[in-house]
Amino acid sequence: MERYRDPVHGFIEVRPLEKKIIDSAPFQRLRHIKQLAMTNLVFHGAEHTRFGHSLGVMHLVTKAFRMAVENGSEEYPFSSAKKEWYEQILRLIALTHDLGHAPFSHASESVFPDGVEHEDFTEKIVKQTSIAEHISNIGNEFKEQYGEAYAITSELICDIYRGRISGINSEFTFLKSFMDGELDCDKMDYLLRDSLYCGVNYGKYDLDRLLASLTIDGKDGFPRLAIDYGGLKVFEEFVLARYFMFTEVYFHRTRRYFDIVLGKALQQILPNGKYPKKISSYLKWDDVRVLQECRKKMSKDEYCRYIVERYVYPCVYETSAHAVGDSLELYKGMKGLLHKDFEKNLFIEDTSADKMPHKIPVQSSIEDEKAVVLLNKRMGKRVSISDESHIIRALANKIGIRRLYAHPDIAEQARTVVRNWYNPHEEEAQ
1 MERYRDPVHG FIEVRPLEKK IIDSAPFQRL RHIKQLAMTN LVFHGAEHTR
51 FGHSLGVMHL VTKAFRMAVE NGSEEYPFSS AKKEWYEQIL RLIALTHDLG
101 HAPFSHASES VFPDGVEHED FTEKIVKQTS IAEHISNIGN EFKEQYGEAY
151 AITSELICDI YRGRISGINS EFTFLKSFMD GELDCDKMDY LLRDSLYCGV
201 NYGKYDLDRL LASLTIDGKD GFPRLAIDYG GLKVFEEFVL ARYFMFTEVY
251 FHRTRRYFDI VLGKALQQIL PNGKYPKKIS SYLKWDDVRV LQECRKKMSK
301 DEYCRYIVER YVYPCVYETS AHAVGDSLEL YKGMKGLLHK DFEKNLFIED
351 TSADKMPHKI PVQSSIEDEK AVVLLNKRMG KRVSISDESH IIRALANKIG
401 IRRLYAHPDI AEQARTVVRN WYNPHEEEAQ
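Under full-length UniProt numbering, think of the first position of the sequence shown as 1, with each following residue one higher.
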(Lines of atoms letter the chains of each structure in order from A; the text may use other names.)
(Lines give C-alpha, C1' and ligand atoms only; values in the text may rest on other atoms or scores of the structure.)
Protein backbone atom coordinates (compact mmCIF):
# COMPACT_ATOMS: atom_id res chain seq x y z
CA MET A 1 0.00 0.00 0.00
CA GLU A 2 1.31 3.43 -0.98
CA ARG A 3 0.15 6.79 0.32
CA TYR A 4 -0.27 9.99 -1.69
CA ARG A 5 -0.35 13.28 0.22
CA ASP A 6 -3.36 15.30 -0.88
CA PRO A 7 -4.00 19.00 -0.07
CA VAL A 8 -7.68 18.31 0.68
CA HIS A 9 -7.79 14.88 2.34
CA GLY A 10 -4.31 14.34 3.74
CA PHE A 11 -2.95 10.86 3.02
CA ILE A 12 -4.73 8.83 0.32
CA GLU A 13 -3.99 5.12 0.31
CA VAL A 14 -3.38 3.46 -3.06
CA ARG A 15 -3.24 -0.29 -3.57
CA PRO A 16 -0.36 -1.80 -5.62
CA LEU A 17 -2.43 -2.76 -8.68
CA GLU A 18 -4.30 0.56 -8.58
CA LYS A 19 -0.94 2.30 -8.82
CA LYS A 20 -0.46 0.57 -12.18
CA ILE A 21 -3.52 2.46 -13.41
CA ILE A 22 -2.29 5.75 -11.93
CA ASP A 23 1.13 5.31 -13.56
CA SER A 24 -0.39 4.60 -17.00
CA ALA A 25 -0.18 7.20 -19.77
CA PRO A 26 -3.97 7.83 -19.99
CA PHE A 27 -4.13 8.58 -16.26
CA GLN A 28 -0.96 10.70 -16.20
CA ARG A 29 -2.56 12.84 -18.93
CA LEU A 30 -4.98 14.08 -16.24
CA ARG A 31 -2.09 16.01 -14.68
CA HIS A 32 -2.43 18.32 -17.70
CA ILE A 33 -6.22 18.73 -17.64
CA LYS A 34 -7.33 21.55 -15.35
CA GLN A 35 -10.33 20.80 -13.18
CA LEU A 36 -11.94 24.20 -13.76
CA ALA A 37 -10.81 25.09 -17.26
CA MET A 38 -9.65 28.72 -17.38
CA THR A 39 -10.96 29.67 -13.95
CA ASN A 40 -7.32 30.38 -13.05
CA LEU A 41 -7.64 33.54 -15.16
CA VAL A 42 -10.10 34.76 -12.51
CA PHE A 43 -9.14 32.90 -9.33
CA HIS A 44 -5.40 32.56 -9.86
CA GLY A 45 -5.00 29.60 -7.51
CA ALA A 46 -7.32 27.38 -9.56
CA GLU A 47 -4.49 25.40 -11.13
CA HIS A 48 -5.69 22.01 -9.81
CA THR A 49 -6.22 19.11 -12.19
CA ARG A 50 -8.36 16.06 -12.83
CA PHE A 51 -5.48 13.94 -11.52
CA GLY A 52 -5.86 15.06 -7.91
CA HIS A 53 -9.65 15.09 -8.13
CA SER A 54 -9.74 11.46 -9.31
CA LEU A 55 -7.59 10.36 -6.38
CA GLY A 56 -9.78 12.38 -4.02
CA VAL A 57 -12.99 10.78 -5.28
CA MET A 58 -11.47 7.30 -4.88
CA HIS A 59 -10.54 8.17 -1.30
CA LEU A 60 -14.00 9.53 -0.47
CA VAL A 61 -15.97 6.75 -2.12
CA THR A 62 -14.08 4.25 0.05
CA LYS A 63 -14.94 6.14 3.23
CA ALA A 64 -18.55 6.74 2.17
CA PHE A 65 -19.20 3.11 1.21
CA ARG A 66 -17.71 1.77 4.43
CA MET A 67 -19.72 4.19 6.55
CA ALA A 68 -23.02 3.50 4.78
CA VAL A 69 -22.53 -0.27 4.98
CA GLU A 70 -21.60 -0.10 8.66
CA ASN A 71 -24.47 2.19 9.63
CA GLY A 72 -26.97 0.28 7.49
CA SER A 73 -25.94 -3.25 8.44
CA GLU A 74 -29.29 -3.95 10.12
CA GLU A 75 -31.28 -2.57 7.19
CA TYR A 76 -29.36 -4.43 4.50
CA PRO A 77 -26.38 -6.60 5.51
CA PHE A 78 -23.62 -7.49 3.03
CA SER A 79 -21.30 -10.48 3.26
CA SER A 80 -17.63 -9.72 3.88
CA ALA A 81 -16.81 -10.91 0.34
CA LYS A 82 -19.36 -8.58 -1.23
CA LYS A 83 -18.22 -5.64 0.88
CA GLU A 84 -14.64 -6.12 -0.30
CA TRP A 85 -15.70 -6.67 -3.92
CA TYR A 86 -18.07 -3.71 -4.10
CA GLU A 87 -15.53 -1.43 -2.45
CA GLN A 88 -12.92 -2.32 -5.07
CA ILE A 89 -15.42 -1.79 -7.88
CA LEU A 90 -16.26 1.67 -6.53
CA ARG A 91 -12.59 2.57 -6.16
CA LEU A 92 -11.98 1.67 -9.81
CA ILE A 93 -15.03 3.60 -11.02
CA ALA A 94 -13.88 6.64 -9.04
CA LEU A 95 -10.29 6.38 -10.23
CA THR A 96 -11.23 6.13 -13.92
CA HIS A 97 -14.39 8.24 -14.11
CA ASP A 98 -12.68 11.34 -15.59
CA LEU A 99 -10.22 9.70 -18.00
CA GLY A 100 -12.18 10.88 -21.03
CA HIS A 101 -12.12 14.59 -20.26
CA ALA A 102 -11.01 16.93 -23.01
CA PRO A 103 -8.50 19.76 -22.51
CA PHE A 104 -9.82 22.29 -20.00
CA SER A 105 -12.43 19.75 -18.89
CA HIS A 106 -16.07 20.60 -19.63
CA ALA A 107 -15.31 23.98 -21.18
CA SER A 108 -14.28 22.47 -24.52
CA GLU A 109 -17.04 19.88 -24.91
CA SER A 110 -18.71 22.08 -27.53
CA VAL A 111 -16.15 20.77 -30.04
CA PHE A 112 -16.68 17.06 -29.38
CA PRO A 113 -17.60 14.97 -32.40
CA ASP A 114 -21.37 14.98 -32.95
CA GLY A 115 -23.21 12.72 -30.52
CA VAL A 116 -20.13 12.08 -28.36
CA GLU A 117 -19.80 12.94 -24.65
CA HIS A 118 -16.76 12.76 -22.40
CA GLU A 119 -18.21 9.61 -20.81
CA ASP A 120 -18.00 7.93 -24.24
CA PHE A 121 -14.30 8.73 -24.42
CA THR A 122 -13.86 7.51 -20.83
CA GLU A 123 -15.43 4.18 -21.70
CA LYS A 124 -13.22 3.71 -24.74
CA ILE A 125 -10.09 4.57 -22.73
CA VAL A 126 -11.06 2.14 -19.96
CA LYS A 127 -11.75 -0.65 -22.45
CA GLN A 128 -9.20 -0.05 -25.21
CA THR A 129 -5.99 0.99 -23.44
CA SER A 130 -3.70 -0.57 -20.85
CA ILE A 131 -6.30 0.38 -18.22
CA ALA A 132 -8.36 -2.67 -19.20
CA GLU A 133 -5.49 -5.05 -18.46
CA HIS A 134 -4.80 -3.46 -15.08
CA ILE A 135 -8.47 -3.74 -14.11
CA SER A 136 -8.50 -7.36 -15.26
CA ASN A 137 -5.48 -8.13 -13.08
CA ILE A 138 -7.29 -6.70 -10.06
CA GLY A 139 -10.35 -8.74 -10.98
CA ASN A 140 -8.32 -11.93 -11.24
CA GLU A 141 -7.27 -11.58 -7.61
CA PHE A 142 -10.91 -11.48 -6.55
CA LYS A 143 -11.79 -14.35 -8.86
CA GLU A 144 -9.05 -16.51 -7.37
CA GLN A 145 -10.11 -15.69 -3.81
CA TYR A 146 -13.91 -15.75 -4.09
CA GLY A 147 -14.78 -17.44 -7.38
CA GLU A 148 -15.83 -16.55 -10.93
CA ALA A 149 -18.81 -14.46 -9.77
CA TYR A 150 -16.42 -11.93 -8.21
CA ALA A 151 -14.43 -11.12 -11.34
CA ILE A 152 -13.94 -7.44 -12.19
CA THR A 153 -13.60 -6.35 -15.81
CA SER A 154 -13.46 -3.04 -17.64
CA GLU A 155 -16.89 -3.87 -19.08
CA LEU A 156 -18.37 -4.25 -15.60
CA ILE A 157 -16.86 -0.95 -14.44
CA CYS A 158 -18.34 0.91 -17.42
CA ASP A 159 -21.73 -0.82 -17.21
CA ILE A 160 -22.20 0.15 -13.56
CA TYR A 161 -21.03 3.74 -13.92
CA ARG A 162 -23.07 4.39 -17.05
CA GLY A 163 -26.21 2.83 -15.64
CA ARG A 164 -26.44 -0.21 -17.92
CA ILE A 165 -27.35 -2.32 -14.92
CA SER A 166 -31.05 -3.09 -15.29
CA GLY A 167 -31.61 -6.81 -14.82
CA ILE A 168 -27.99 -7.49 -13.87
CA ASN A 169 -27.90 -6.82 -10.13
CA SER A 170 -30.09 -4.39 -8.16
CA GLU A 171 -27.17 -3.77 -5.78
CA PHE A 172 -25.22 -2.19 -8.66
CA THR A 173 -27.74 0.69 -8.63
CA PHE A 174 -26.75 1.26 -5.01
CA LEU A 175 -23.09 1.41 -6.04
CA LYS A 176 -23.82 3.88 -8.83
CA SER A 177 -25.46 6.29 -6.37
CA PHE A 178 -22.07 6.84 -4.70
CA MET A 179 -20.78 8.28 -7.99
CA ASP A 180 -23.87 9.75 -9.64
CA GLY A 181 -26.69 11.14 -7.54
CA GLU A 182 -27.81 14.04 -5.39
CA LEU A 183 -25.25 12.97 -2.80
CA ASP A 184 -22.20 11.52 -4.54
CA CYS A 185 -18.49 11.47 -3.87
CA ASP A 186 -17.68 13.34 -7.07
CA LYS A 187 -19.51 16.40 -5.73
CA MET A 188 -18.11 15.87 -2.22
CA ASP A 189 -14.57 16.17 -3.55
CA TYR A 190 -14.88 18.89 -6.17
CA LEU A 191 -16.67 21.30 -3.84
CA LEU A 192 -13.91 21.15 -1.24
CA ARG A 193 -11.12 21.01 -3.83
CA ASP A 194 -12.46 23.85 -5.98
CA SER A 195 -13.09 25.97 -2.90
CA LEU A 196 -9.56 25.43 -1.59
CA TYR A 197 -7.78 26.18 -4.85
CA CYS A 198 -9.98 29.15 -5.75
CA GLY A 199 -9.34 30.64 -2.33
CA VAL A 200 -13.04 30.93 -1.46
CA ASN A 201 -15.16 29.53 1.35
CA TYR A 202 -18.37 28.98 -0.62
CA GLY A 203 -17.83 25.26 -1.20
CA LYS A 204 -16.96 24.24 2.34
CA TYR A 205 -19.17 21.93 4.40
CA ASP A 206 -18.75 19.46 7.28
CA LEU A 207 -17.45 16.43 5.39
CA ASP A 208 -16.96 14.22 8.47
CA ARG A 209 -20.52 14.83 9.67
CA LEU A 210 -21.92 14.19 6.21
CA LEU A 211 -20.07 10.88 5.88
CA ALA A 212 -21.12 9.82 9.38
CA SER A 213 -24.77 10.39 8.38
CA LEU A 214 -24.70 7.92 5.49
CA THR A 215 -26.69 4.73 5.87
CA ILE A 216 -28.76 2.24 3.85
CA ASP A 217 -32.49 2.08 3.23
CA GLY A 218 -33.41 -1.55 2.58
CA LYS A 219 -37.18 -1.36 2.98
CA ASP A 220 -37.99 -2.37 -0.60
CA GLY A 221 -35.73 -5.43 -0.52
CA PHE A 222 -32.77 -3.75 -2.19
CA PRO A 223 -30.25 -1.20 -0.87
CA ARG A 224 -30.52 2.55 -1.41
CA LEU A 225 -28.12 5.22 -0.23
CA ALA A 226 -29.76 7.18 2.58
CA ILE A 227 -29.06 9.76 5.26
CA ASP A 228 -29.94 9.42 8.91
CA TYR A 229 -32.37 12.09 10.07
CA GLY A 230 -29.66 13.70 12.18
CA GLY A 231 -27.74 14.48 8.99
CA LEU A 232 -30.46 16.65 7.45
CA LYS A 233 -28.77 19.94 8.34
CA VAL A 234 -25.35 18.93 7.06
CA PHE A 235 -26.94 17.81 3.79
CA GLU A 236 -28.57 21.24 3.53
CA GLU A 237 -25.14 22.77 4.15
CA PHE A 238 -23.74 20.58 1.34
CA VAL A 239 -26.48 21.71 -1.06
CA LEU A 240 -25.98 25.37 -0.16
CA ALA A 241 -22.25 24.97 -0.79
CA ARG A 242 -23.06 23.71 -4.28
CA TYR A 243 -25.44 26.59 -4.89
CA PHE A 244 -22.94 29.26 -3.90
CA MET A 245 -20.12 27.64 -5.88
CA PHE A 246 -22.42 27.82 -8.90
CA THR A 247 -23.33 31.45 -8.54
CA GLU A 248 -19.92 32.74 -7.39
CA VAL A 249 -17.41 30.49 -9.20
CA TYR A 250 -18.79 28.17 -11.89
CA PHE A 251 -21.03 30.92 -13.31
CA HIS A 252 -18.59 33.79 -12.70
CA ARG A 253 -18.96 36.18 -15.63
CA THR A 254 -15.29 36.23 -16.67
CA ARG A 255 -14.90 32.48 -16.25
CA ARG A 256 -17.90 31.87 -18.51
CA TYR A 257 -16.57 34.39 -21.03
CA PHE A 258 -13.38 32.36 -21.44
CA ASP A 259 -15.43 29.18 -21.89
CA ILE A 260 -16.99 30.85 -24.93
CA VAL A 261 -13.65 32.12 -26.24
CA LEU A 262 -12.02 28.70 -25.80
CA GLY A 263 -14.73 27.03 -27.87
CA LYS A 264 -14.21 29.52 -30.69
CA ALA A 265 -10.41 29.15 -30.55
CA LEU A 266 -10.63 25.36 -30.67
CA GLN A 267 -12.75 25.52 -33.80
CA GLN A 268 -9.73 27.11 -35.49
CA ILE A 269 -7.09 24.89 -33.86
CA LEU A 270 -8.58 21.41 -34.24
CA PRO A 271 -8.69 19.53 -37.55
CA ASN A 272 -12.20 20.08 -38.93
CA GLY A 273 -12.96 22.07 -35.78
CA LYS A 274 -13.64 18.92 -33.72
CA TYR A 275 -11.69 16.59 -31.44
CA PRO A 276 -10.72 13.33 -33.16
CA LYS A 277 -12.84 10.25 -32.44
CA LYS A 278 -9.85 7.91 -32.50
CA ILE A 279 -8.71 7.33 -28.91
CA SER A 280 -4.98 7.31 -29.65
CA SER A 281 -5.34 10.71 -31.37
CA TYR A 282 -7.69 12.14 -28.74
CA LEU A 283 -5.31 11.28 -25.90
CA LYS A 284 -2.63 13.47 -27.49
CA TRP A 285 -4.69 16.56 -26.67
CA ASP A 286 -4.34 18.25 -23.28
CA ASP A 287 -4.27 21.81 -21.91
CA VAL A 288 -0.58 22.21 -22.72
CA ARG A 289 -1.04 21.36 -26.39
CA VAL A 290 -4.05 23.65 -26.76
CA LEU A 291 -2.12 26.59 -25.29
CA GLN A 292 0.84 25.82 -27.56
CA GLU A 293 -1.47 25.88 -30.59
CA CYS A 294 -3.02 29.15 -29.39
CA ARG A 295 0.41 30.77 -29.20
CA LYS A 296 1.22 29.57 -32.72
CA LYS A 297 -2.00 30.99 -34.14
CA MET A 298 -2.47 34.12 -32.02
CA SER A 299 -1.16 36.45 -34.72
CA LYS A 300 -3.86 35.24 -37.13
CA ASP A 301 -6.74 34.25 -34.84
CA GLU A 302 -8.21 36.78 -32.43
CA TYR A 303 -9.69 34.14 -30.11
CA CYS A 304 -6.32 32.46 -29.63
CA ARG A 305 -4.88 35.88 -28.83
CA TYR A 306 -7.64 36.57 -26.32
CA ILE A 307 -6.68 33.40 -24.42
CA VAL A 308 -2.93 34.00 -24.45
CA GLU A 309 -3.20 37.69 -23.52
CA ARG A 310 -6.28 37.37 -21.27
CA TYR A 311 -8.23 39.83 -23.37
CA VAL A 312 -11.69 40.28 -21.83
CA TYR A 313 -14.94 41.56 -23.30
CA PRO A 314 -16.86 43.41 -20.55
CA CYS A 315 -20.26 42.04 -19.57
CA VAL A 316 -22.80 44.70 -20.54
CA TYR A 317 -25.97 42.89 -19.53
CA GLU A 318 -26.89 39.97 -17.29
CA THR A 319 -30.03 38.52 -15.80
CA SER A 320 -30.61 37.40 -12.24
CA ALA A 321 -29.49 33.93 -11.13
CA HIS A 322 -32.93 32.48 -11.90
CA ALA A 323 -34.01 34.04 -15.18
CA VAL A 324 -37.59 32.97 -15.88
CA GLY A 325 -40.80 34.56 -17.08
CA ASP A 326 -40.59 38.32 -17.62
CA SER A 327 -36.87 38.37 -16.81
CA LEU A 328 -36.17 35.86 -19.56
CA GLU A 329 -38.35 37.72 -22.05
CA LEU A 330 -36.53 40.95 -21.21
CA TYR A 331 -33.22 39.23 -21.87
CA LYS A 332 -34.42 37.94 -25.24
CA GLY A 333 -35.48 41.43 -26.24
CA MET A 334 -32.18 42.93 -25.12
CA LYS A 335 -30.23 40.24 -26.96
CA GLY A 336 -32.09 40.97 -30.17
CA LEU A 337 -31.55 44.71 -29.82
CA LEU A 338 -27.81 44.48 -29.14
CA HIS A 339 -27.32 41.79 -31.76
CA LYS A 340 -28.86 44.07 -34.38
CA ASP A 341 -26.52 46.97 -33.54
CA PHE A 342 -23.32 45.18 -32.55
CA GLU A 343 -23.50 41.69 -34.09
CA LYS A 344 -19.78 41.24 -34.84
CA ASN A 345 -18.66 42.59 -31.47
CA LEU A 346 -21.02 40.66 -29.20
CA PHE A 347 -20.66 37.40 -27.26
CA ILE A 348 -23.79 35.69 -25.99
CA GLU A 349 -23.90 33.34 -23.01
CA ASP A 350 -27.13 31.37 -23.07
CA THR A 351 -26.35 28.49 -20.71
CA SER A 352 -28.39 27.37 -17.72
CA ALA A 353 -27.32 24.99 -14.96
CA ASP A 354 -29.10 22.00 -16.46
CA LYS A 355 -26.52 22.17 -19.27
CA MET A 356 -23.59 22.65 -16.93
CA PRO A 357 -21.40 19.83 -15.58
CA HIS A 358 -22.12 20.71 -11.95
CA LYS A 359 -25.83 20.30 -11.39
CA ILE A 360 -27.79 21.63 -8.48
CA PRO A 361 -30.28 19.22 -6.86
CA VAL A 362 -33.74 18.76 -8.26
CA GLN A 363 -36.87 18.08 -6.29
CA SER A 364 -37.17 14.30 -6.44
CA SER A 365 -39.83 11.87 -5.34
CA ILE A 366 -38.72 8.93 -3.25
CA GLU A 367 -39.32 6.68 -6.27
CA ASP A 368 -36.51 8.44 -8.16
CA GLU A 369 -33.38 6.30 -7.80
CA LYS A 370 -31.26 9.47 -7.57
CA ALA A 371 -33.32 10.90 -4.72
CA VAL A 372 -31.71 10.96 -1.30
CA VAL A 373 -33.76 8.97 1.20
CA LEU A 374 -34.03 10.45 4.69
CA LEU A 375 -34.41 7.85 7.44
CA ASN A 376 -35.79 8.47 10.91
CA LYS A 377 -35.37 5.02 12.42
CA ARG A 378 -36.83 5.95 15.81
CA MET A 379 -40.11 7.04 14.22
CA GLY A 380 -40.01 4.55 11.36
CA LYS A 381 -40.16 7.45 8.91
CA ARG A 382 -38.80 7.24 5.37
CA VAL A 383 -39.13 10.19 2.98
CA SER A 384 -37.35 11.94 0.15
CA ILE A 385 -35.07 14.57 1.65
CA SER A 386 -36.58 17.22 -0.64
CA ASP A 387 -39.98 16.59 0.99
CA GLU A 388 -38.55 17.30 4.44
CA SER A 389 -36.32 20.30 3.69
CA HIS A 390 -37.58 23.78 2.84
CA ILE A 391 -34.06 24.74 1.76
CA ILE A 392 -33.82 21.92 -0.78
CA ARG A 393 -37.21 22.82 -2.23
CA ALA A 394 -36.26 26.49 -2.43
CA LEU A 395 -33.13 25.63 -4.43
CA ALA A 396 -34.94 23.32 -6.83
CA ASN A 397 -35.24 26.06 -9.48
CA LYS A 398 -32.59 26.02 -12.18
CA ILE A 399 -29.78 28.52 -12.13
CA GLY A 400 -29.90 30.32 -15.45
CA ILE A 401 -27.81 33.48 -15.66
CA ARG A 402 -27.85 34.90 -19.20
CA ARG A 403 -25.20 37.41 -20.21
CA LEU A 404 -24.15 39.61 -23.11
CA TYR A 405 -20.51 40.64 -23.58
CA ALA A 406 -19.37 43.46 -25.86
CA HIS A 407 -15.99 44.30 -27.38
CA PRO A 408 -14.22 46.95 -25.24
CA ASP A 409 -14.35 49.45 -28.13
CA ILE A 410 -18.15 49.47 -28.18
CA ALA A 411 -18.89 48.36 -24.60
CA GLU A 412 -19.95 51.83 -23.43
CA GLN A 413 -22.25 52.23 -26.43
CA ALA A 414 -23.82 48.87 -25.61
CA ARG A 415 -24.27 49.87 -21.97
CA THR A 416 -26.00 53.06 -23.13
CA VAL A 417 -28.44 50.97 -25.17
CA VAL A 418 -29.11 48.83 -22.10
CA ARG A 419 -29.68 51.87 -19.86
CA ASN A 420 -32.03 53.45 -22.39
CA TRP A 421 -33.95 50.19 -22.68
CA TYR A 422 -34.58 50.26 -18.93
CA ASN A 423 -35.01 54.05 -18.69
CA PRO A 424 -36.45 55.29 -22.00
CA HIS A 425 -37.23 58.75 -20.54
CA GLU A 426 -33.50 59.43 -20.06
CA GLU A 427 -32.98 59.17 -23.83
CA GLU A 428 -35.89 61.58 -24.45
CA ALA A 429 -34.43 64.09 -21.97
CA GLN A 430 -31.18 64.17 -23.88
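Backbone N, C-alpha and C fix where the C-beta goes; we use that ideal spot for every residue, glycine too. Note that this is a predicted model, so its numbers are computed, not measured.
Coarse secondary structure for residue i, derived from DSSP in three states
{"i": "VAL316", "result": "strand"}
{"i": "ASP409", "result": "coil"}
{"i": "LEU374", "result": "strand"}
{"i": "ASP120", "result": "helix"}
{"i": "LEU30", "result": "helix"}
{"i": "PHE178", "result": "coil"}
{"i": "GLU13", "result": "strand"}
{"i": "LEU346", "result": "strand"}
{"i": "ASP184", "result": "coil"}
{"i": "ARG3", "result": "strand"}
{"i": "HIS322", "result": "strand"}
{"i": "GLY333", "result": "helix"}
{"i": "LYS207", "result": "The residue you asked about is not Lys; residue 207 is Leu in the sequence shown. Of the three classes helix, strand and coil, the one that applies to LEU207 here is helix, per DSSP."}
{"i": "ARG393", "result": "helix"}
{"i": "ARG403", "result": "strand"}
{"i": "VAL308", "result": "helix"}
{"i": "GLU18", "result": "helix"}
{"i": "GLU367", "result": "coil"}
{"i": "LEU36", "result": "coil"}
{"i": "VAL418", "result": "helix"}
{"i": "TYR202", "result": "coil"}
{"i": "ASP23", "result": "coil"}
{"i": "HIS339", "result": "helix"}
{"i": "LYS398", "result": "coil"}
{"i": "LYS296", "result": "helix"}
Residue from the options whose Cα sits closest to the Cα of residue i
{"i": "PHE172", "options": "PRO223, LYS19 and GLU84", "result": "PRO223"}
{"i": "CYS185", "options": "LEU338, PRO408, ASP208 and TYR202", "result": "ASP208"}
{"i": "VAL42", "options": "THR254, MET188 and LEU60", "result": "THR254"}
{"i": "ARG242", "options": "ASP259, SER213, MET188 and ASP217", "result": "MET188"}
{"i": "ASN154", "options": "ASN169, HIS134 and GLU144", "result": "A small correction: the amino acid at residue 154 is Ser; Asn does not occupy that position in the sequence shown. Of the candidates ASN169, HIS134 and GLU144, the one whose C-alpha sits nearest the C-alpha of SER154 is HIS134."}
{"i": "ASN137", "options": "ILE21, SER213, TYR205 and ALA265", "result": "ILE21"}
{"i": "PHE258", "options": "ILE152, LYS127, PHE104 and ASP98", "result": "PHE104"}
{"i": "ILE385", "options": "HIS252, ARG378 and ALA226", "result": "ALA226"}
{"i": "ASP286", "options": "LYS300, THR49, HIS44 and ALA102", "result": "ALA102"}
{"i": "VAL126", "options": "ILE160, HIS53 and GLY203", "result": "ILE160"}
{"i": "LEU99", "options": "PHE342, LYS124 and PHE174", "result": "LYS124"}
{"i": "LYS264", "options": "MET298, LYS278, LEU240 and MET245", "result": "MET298"}
{"i": "ASP387", "options": "PRO77, SER130, LEU232 and GLN128", "result": "LEU232"}
{"i": "ARG50", "options": "SER73, ASP228, GLU318 and PRO26", "result": "PRO26"}
{"i": "LYS219", "options": "GLU182, LYS83, VAL373 and LYS63", "result": "VAL373"}
{"i": "ASP120", "options": "ARG289, TYR275 and VAL308", "result": "TYR275"}
{"i": "HIS339", "options": "GLY139, LEU211, LEU404 and LEU156", "result": "LEU404"}
{"i": "TYR410", "options": "LEU375, ILE366 and CYS315", "result": "According to the sequence shown, residue 410 is Ile rather than Tyr. Cα-wise, what sits closest to ILE410 is CYS315."}
{"i": "ASP180", "options": "ALA37, ILE93 and GLN268", "result": "ILE93"}
{"i": "TYR150", "options": "HIS106, PHE142 and ASN169", "result": "PHE142"}
{"i": "VAL288", "options": "ILE12, GLU47, LEU210 and LEU191", "result": "GLU47"}
{"i": "HIS322", "options": "ASP341, ASN345 and ILE399", "result": "ILE399"}
{"i": "GLU318", "options": "ILE401, GLU302 and GLY163", "result": "ILE401"}
{"i": "GLY273", "options": "HIS9, GLN292 and LEU262", "result": "LEU262"}
Counterpart residues of residue i in DSSP-defined beta bridges
{"i": "SER384", "result": "VAL373"}
Cβ distance (whole Å) where residue i is taken to contact residue j below 8 Å
{"i": "ASP194", "j": "GLN35", "result": "7 Å"}
{"i": "PHE65", "j": "PHE238", "result": "Going by Cβ atoms, the distance from PHE65 to PHE238 rounds to 18 Å, so no, they are not a contact pair."}
Counting only runs of 3+ residues fully inside the region 214-294, write out the beta strand (DSSP E) ranges in chain order. As far as the region 214-294 is concerned, its whole beta strand (DSSP E) runs of at least 3 residues are 214-217 and 224-228.
Report the residue ranges of all alpha helix (DSSP H) runs contained in full by the UniProt domain "HD/PDEase" (46-200); include only those spanning at least 4 residues, in chain order. 50-71, 80-96, 118-128, 130-146, 154-161, 170-177 and 185-198
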